[in-house]
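Line order of the protein sequences matches chains A and B.
So for the first sequence, the UniProt record's numbering puts the first residue at 1; every next one is plus one.
So for the second sequence, the UniProt record's numbering puts the first residue at 1; every next one is plus one.
Idealized CB from N, CA, C, for every residue including glycine.
All values reported here derive from a predicted model rather than from experimental measurement.
Before any comments, here is the structure.
There are 2 protein chains.
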Amino acid sequence: MAKQDRAVRTRRNILSAAATVFEERGYQAATITDILRTAGVTKGALYFHFQSKAELAYGVMDAQGRRMGSVPQRACRMQELADTVLLQTYRLQHDPLVRAGVRLAMDQQATELNRGAFFKDWSVGTTDLLEAAKTQGELLPHVVPAETAELLVGAYAGVHSMSQAVSSYADLDHRTSVLLRHFLPNVVLSSVLTTIDLSVDRGATVFAEVESKITDAYEEPQQDSA
Amino acid sequence: MAKQDRAVRTRRNILSAAATVFEERGYQAATITDILRTAGVTKGALYFHFQSKAELAYGVMDAQGRRMGSVPQRACRMQELADTVLLQTYRLQHDPLVRAGVRLAMDQQATELNRGAFFKDWSVGTTDLLEAAKTQGELLPHVVPAETAELLVGAYAGVHSMSQAVSSYADLDHRTSVLLRHFLPNVVLSSVLTTIDLSVDRGATVFAEVESKITDAYEEPQQDSA
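Listed below in C-alpha cells is the structure:
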C-alpha cells in the first residue's frame, strides 16, 4: 500500500514535469532528459511508468481530459455544456496540466501523436451532451448534434489559441463568453436560453463545486486496486 | 529592369521554399540551411532579401495576408465577409503559401515571432468589414463589430486546426460552412441573411473571380519602381 502510494506520487511527479517541459518547449523539441531533470527521478522510475515521449504526452493529454469532464449532470443539459466550457476556461487559466494537454493537441509539429483522436474525444463528449439536450427538447429543431459539437470544439480551440497568442490566456474568460453568446442563441430554444447562467464568475463557481469531487487526474486510468 | 525581375524571382523562390520548410518542420526546427537547400539559392542571395529566420517567417505570413484580402467590395458587405472566409478556405486547401502562413501564426513554439500581431491584423480587417456592414444596416442591433470580428478570427483558426488534424484540410469546406451557418444568424438581419450565398462552390467561384486581380503575393511590400 505504501509502495503503491509512492508509485502514484512518482507518476504524478513525472506527468507534472512532462506538462511543464511540453508547454515550454513544444512536443518536438522536448526530450526525456529534460523531463527527467525537471521531475528529479531516475531513468528507471520514468521508464517503469512511460515507455516513450509519446506515452508521456498521451499521459498528460489523458490527465487533462479527465480533469475536464467532471461537471455533474444538470437538469438543464445545455447549462451542463456551458459549465463544461466555462470550467475548462477557468482551468486553462489556472492549471498548467490542463494547459499542457490542450497545447499538445494543438501542436502542429507533434506529428507522432494522433492529435485528431483528441479532437474526436472532445467532440464525442460534446455530441453526447447535445443529444441529451435535444432529447429533452432544449434545442432548436434544425440542430444536428454532431455537427454543432465539432464546431464548438474547433471554435473553442481557436479562441484558446488566439487568447494564448495575444494575452497569455488573460482574456480567455471574456473570449469564451463572446463565443457562447454567439453560439447558444442559434442552438438553444429562447425559453431555455434565459435560464442559462453565463455570469463572469460562473467558471470559478463550477470549479469550487467540482474540486472536491476530482478523482486524482494524475493516477493511472483503470488502475486495479492492490 | 531585367536585374529587378531576377531579384523578384529569387525572392519568390526563397519564400516558396521557406513556406515548404516551415510547413513541414515547424518554425522552431526549420533552419536557414534547409531553406537554402530547398530554394537552391546561395547564402548571399538569401541574406540580400532576408536577414534572419524570423524575417523569412514574416515574409511568408505577409504574403499569405496579401493573398487573403483580395475579395472586391460587394454591395452587401456581409457577403464580402463570407466570401473572404470561403476564399481563405479554398486557398488553404489549394495553396501551400497560404497554409504555411496560417500555420506559422498558429505555431505555439514560434515564440520569437509576434504571432499576436497576425491575429490582430486579421481582426482589424474583419472589424472594418463588420463596421461597414453595421453602417449600412445589415447587422442585428446588439452586435459589437470588434468583439464579433475577434470571435470569427479565433473560431476560424480553431476550425482550421481541427480540420488539419483530423483530415489534412479535406473537410475544411464543410466545417467552414457549419461555422458560418451558426455564426451569421446571430449577427446579420434575417432579410440580409436570405441574400447571402454560402453554396458549396462559392469559394472556388470567388477564387476564379479574384485570381486575375491578385498582385504578386511574393513581391516585396511597398516596393519602389526602379
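Between Ala57(B) and Tyr27(B), the C-beta spacing is below 8 Å. Note that the C-beta distance between Leu113(A) and Ala54(A) is below 8 Å.
The Cβ neighbour count for Glu211(A), taken over all protein chains shown within 10 Å, is under 16; the residue is labelled exposed. Annotation: the continuous alpha helix (DSSP H) that includes Met162(B) extends over Pro145 to Ser167. Within the same chain, Ala17, Thr20 and Val21 come within 7 Å of Thr38(B) by CB-CB distance, once the 5 residues on both sides are set aside. Under the Cβ criterion of 8 Å, Gln108(B) is counted among the residues facing chain A. The CB of Pro185(B) comes closer than 7 Å to the CB of Asn186 in chain A, given here in chain order. DSSP, read as helix, strand or coil, puts Val188(A) in strand. Contacts with chain A (Cβ-Cβ distance below 8 Å) from the segment 147-165 of chain B involve Glu147, Thr148, Glu150, Leu151, Val153, Gly154, Ala155, Tyr156, Ala157, Gly158, Val159, His160, Ser161, Met162, Ser163, Gln164 and Ala165, listed in chain order. Shown here, Leu139(B) sits in a strand according to DSSP, grouped into three states.
Gly40(B) sits in coil when the DSSP states are folded into three classes, being neither helix nor strand.
Contacts between Val178(B) and chain A, judged by CB atoms closer than 7 Å, involve Glu147 and Leu151 in chain order. Sequence-distant partners of Tyr90(B) (beyond 5 residues in either direction) whose C-beta falls short of 8 Å from its own C-beta, in its chain, are Asp173, Gly203, Ala204, Val206 and Phe207. Taking 8 Å as the upper bound for CB-CB distance, Val178(A) and Glu147(B) are in contact here, some 5 Å apart. Residue environment for Pro145(B): buried (at least 16 other C-beta atoms within 10 angstroms of its C-beta). Boundaries cannot be given for Gln51(B), as no alpha helix (DSSP H) includes it and DSSP labels it neither H nor E. Interface criterion not met: the Cβ of Ala45(B) is under 8 Å from no Cβ in chain A. Ranked by Cα distance from Leu87(B), the options Pro72(B), Val60(B) and Tyr47(B) are led by Pro72(B). Its chain contains Thr10, Asn13 and Ile14 as the residues whose beta carbon lies nearer than 7 Å to that of Val41(A), once the 5 sequence neighbours on both sides are disregarded; these appear in chain order. Annotation for Met106(A): Ala157 and Ser161 place their beta carbon closer than 7 Å to its own, counting only its chain and skipping 5 residues before and after.
Per DSSP, reduced to three states, the secondary structure at Arg74(B) is coil, with no helix or strand assignment.
Ala29(B) and Gln4(A) do not touch by the CB rule: their CB atoms are close to 40 Å apart, not below 8 Å. With respect to the C-alpha of Leu104(B), the residue from Arg115(B), Leu151(B) and Glu138(B) having the closest C-alpha is Arg115(B). CA-to-CA, the gap between His142(A) and Val188(A) works out to about 10 Å. Secondary structure at Val8(B): helix, using DSSP grouped into helix, strand and coil. Under the 10 Å beta carbon count, Gly59(B) is surrounded by 16 or more other beta carbons and is classified as buried.
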